[in-house]
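Visitor: Right, I'll just put the structure down here and ask away after.
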Amino acid sequence: MRTYGPDVPYLPADDRYETMPFRRVGDSGLKLPVISLGLWHNFGDDKPLATQRATLRRAFDLGVTHFDLANNYGPPAGAAELNFGRILAQDLAPYRDELVISSKAGWTMGPGPYHFGGSRKYLVSSLDQSLQRMGLDHVDIFYHHRPDPDTPLEETMRALDHIVRSGRALYVGISSYNAELTLRAQQIMRELGTPLLIHQPSYSMLNRWIESPGPSGTSLLGALTEAGMGSIVFSPLAQGMLTDRYLDGVPEGSRAAAEKSLNPEWLTGTTLEKVRGLHEIAAARGQSLAQMAIAWVLREQADGQVTTALVGASSPQQLEDSVGAVHHLSFTPEELESIDRLATDSDINIWAGARDSKTA
Numbered sequence: 001m002r003t004y005g006p007d008v009p010y011l012p013a014d015d016r017y018e019t020m021p022f023r024r025v026g027d028s029g030l031k032l033p034v035i036s037l038g039l040w041h042n043f044g045d046d047k048p049l050a051t052q053r054a055t056l057r058r059a060f061d062l063g064v065t066h067f068d069l070a071n072n073y074g075p076p077a078g079a080a081e082l083n084f085g086r087i088l089a090q091d092l093a094p095y096r097d098e099l100v101i102s103s104k105a106g107w108t109m110g111p112g113p114y115h116f117g118g119s120r121k122y123l124v125s126s127l128d129q130s131l132q133r134m135g136l137d138h139v140d141i142f143y144h145h146r147p148d149p150d151t152p153l154e155e156t157m158r159a160l161d162h163i164v165r166s167g168r169a170l171y172v173g174i175s176s177y178n179a180e181l182t183l184r185a186q187q188i189m190r191e192l193g194t195p196l197l198i199h200q201p202s203y204s205m206l207n208r209w210i211e212s213p214g215p216s217g218t219s220l221l222g223a224l225t226e227a228g229m230g231s232i233v234f235s236p237l238a239q240g241m242l243t244d245r246y247l248d249g250v251p252e253g254s255r256a257a258a259e260k261s262l263n264p265e266w267l268t269g270t271t272l273e274k275v276r277g278l279h280e281i282a283a284a285r286g287q288s289l290a291q292m293a294i295a296w297v298l299r300e301q302a303d304g305q306v307t308t309a310l311v312g313a314s315s316p317q318q319l320e321d322s323v324g325a326v327h328h329l330s331f332t333p334e335e336l337e338s339i340d341r342l343a344t345d346s347d348i349n350i351w352a353g354a355r356d357s358k359t360a
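For reference, each letter of the sequence shown is one residue, going 1 to 360 in the working numbering.
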């Protein structure tokens, strides 16, 4: 890995496209790397900017061209976009045409009735603020971050259509919508002339809801294939549970110990036994558990195939381990059968409430 001092101009690796596979997003012409970098954690003001900068530089060197943000990522809310904008201006601005930058709005951003949900007012004003924080005139993808049961679906979709037509985003998507709502949303968007590009659901070996049929009998993965949409799955490592970190319990300084997005109550004896078993399968494949977990969400399935896995990284080294998954993406039928015996839903989906919202 190349190292840079704070004042050394960044020059990306010449071989950055040689090992990273890219997949087409649904029926669109856009392609994404099979591994994308999410800035949900590790890019707020509680983390050193130098480490953030090194991680983003290393990501681009490795062929990770897609950076995923949201208005409320921090801490504090908005800080991740501000920090990303600073690093973009310092290092990556000359390569803007090689970057796919996304943001979102939907979860609570501030006090009062105008900083959450799916109203046209909130989505448009939030994106304008995100663009200002990042120093951009547009994002490549803008998402409605969660279903809003208090806003008509038609209003939310018309806002997304307006966002594309006004030049604020090239594409739009949704996150945490169930299969039925996804198909309704796509029907509206097709009628408006701006089809949804992509869906961002949670998905991992311990959280397999996108494979399960909904009330209509269609899984989310099947609905996305039907709708011509791609998918970018977040938390493929189950908030860190599908790494080597928790094989022997909860270490000090971990997410579980800090009670952030990983609830320590999820680390039951049964779940830890599953994780240890999966670790053994990964070792036999010559991979870390994290690498196998990422490769697994990217596998071919009967209902469709995930476009890209969204990973976080607290350091360049952690990102390198995740990206190492691309060197062994295939599975034998025997491996998949062994994994299926252990990879079962473990009640860890903290976004299930958003997913199951009904929008009028």
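From the three backbone atoms N, C-alpha and C, an ideal C-beta is built for every residue, glycine too.
Could you tell me if Gly269 is buried or exposed, where buried requires 16 or more neighbouring beta carbons within 10 angstroms of its beta carbon?
Guide: Position 269 of the sequence shown, counted from the first residue, corresponds to residue 269. Classification for Gly269: exposed.
Visitor: Tell me which residue opens and which closes the beta strand (DSSP E) that His68 is part of.
Guide: Start at 1 with the first residue of the sequence shown, and residue 68 comes out as number 68. It should be pointed out that residue 68 corresponds to Asp in this sequence rather than to His. That run of the beta strand (DSSP E) goes 66-68.
Visitor: Assuming the contact rule is C-beta atoms closer than 8 angstroms, Leu56 and Ile101 should be a hit. Round their C-beta distance to whole Å, please.
Guide: Taking the sequence shown and counting its residues from 1, the one referred to as residue 56 is at position 56. Taking the sequence shown and counting its residues from 1, the one referred to as residue 101 is at position 101. Wrong, their Cβ atoms sit about 11 angstroms apart, outside the cutoff.
Visitor: Assuming Tyr246 and Leu224 are in contact, meaning their beta carbons sit under 8 angstroms apart, how far apart are those beta carbons, in whole angstroms?
Guide: Counted from its first residue, the sequence shown places residue 246 at position 246. Counted from its first residue, the sequence shown places residue 224 at position 224. Between Leu224 and Tyr246 the Cβ distance is about 31 angstroms, and since that is not below 8 angstroms, they are no contact.
Visitor: Distance, Cα to Cα, Gly135 vs Ala89?
Guide: Counting from 1 along the sequence shown, the entry for residue 135 is found at position 135. Counting from 1 along the sequence shown, the entry for residue 89 is found at position 89. Rounded to whole angstroms, Gly135 to Ala89 spans 8 angstroms at the Cα level.
Visitor: Is there contact between the region 284-304 and the region 191-200, where contact requires at least three CB pairs shorter than 8 angstroms?
Guide: As far as the Cβ criterion goes, the region 284-304 does not touch the region 191-200, which means the pair count is below three.
Visitor: Where Leu183 and Gly222 are concerned, what is the direct C-alpha to C-alpha distance, given to the nearest angstrom?
Guide: Your numbering for residue 183 matches position 183 in the sequence shown. Your numbering for residue 222 matches position 222 in the sequence shown. Cα to Cα, the separation comes out at about 10 angstroms.
Visitor: Let's test the definition: count the other Cβ atoms within 10 Å of the Cβ of Val8 and tell me whether it reaches 16, buried, or not, exposed.
Guide: Start at 1 with the first residue of the sequence shown, and residue 8 comes out as number 8. Exposed: under 16 other Cβ atoms inside 10 Å.
Visitor: I'd like to check one pair, Arg58 with Glu320: are the Cβ atoms closer than 9 angstroms?
Guide: Taking the first residue of the sequence shown as position 1, residue 320 is located at position 320. Taking the first residue of the sequence shown as position 1, residue 58 is located at position 58. Yes; because the gap between Cβ atoms is below 9 angstroms, this pair is in contact.
Visitor: Here's the rule I'm using: 16 or more other beta-carbon atoms within 10 Å means buried, otherwise exposed. How should Leu37 be labelled?
Guide: Walking along the sequence shown from the start, residue 37 turns up at place 37. The residue in question, Leu37, is buried, as its Cβ has 16 or more Cβ neighbours within 10 Å.
Visitor: Just to confirm the assignment, what range does the beta strand (DSSP E) spanning Thr308 have?
Guide: The residue you call residue 308 lines up with position 308 of the sequence shown. Run containing Thr308: 308-311, per the beta strand (DSSP E) assignment.
Visitor: Ala185 and Thr156: beta carbons closer than 9 angstroms?
Guide: To locate residue 185, count along the sequence shown from 1; it is residue 185. To locate residue 156, count along the sequence shown from 1; it is residue 156. Contact: yes.
Visitor: Is the Cβ-Cβ distance between Ser235 and Ser204 less than 9 angstroms?
Guide: Residue 235 sits at position 235 when you count from the first residue of the sequence shown. Residue 204 sits at position 204 when you count from the first residue of the sequence shown. Cβ atoms of Ser235 and Ser204: closer than 9 angstroms.
Visitor: Rank Arg208, Pro149, Val64, Arg165 by C-alpha distance to the C-alpha of Asp347 and give the top, closest one.
Guide: What you label residue 347 is simply residue 347 of the sequence shown in a count that begins at 1. Ranking Arg208, Pro149, Val64, Arg165 by Cα distance to Asp347 puts Arg208 first.
Visitor: Between the alpha carbons of Leu342 and Leu278, how many angstroms are there, rounded?
Guide: Residue numbering aside, residue 342 sits at position 342 when the sequence shown is read from its first letter. Residue numbering aside, residue 278 sits at position 278 when the sequence shown is read from its first letter. So the alpha carbons of these two residues sit roughly 7 angstroms apart.
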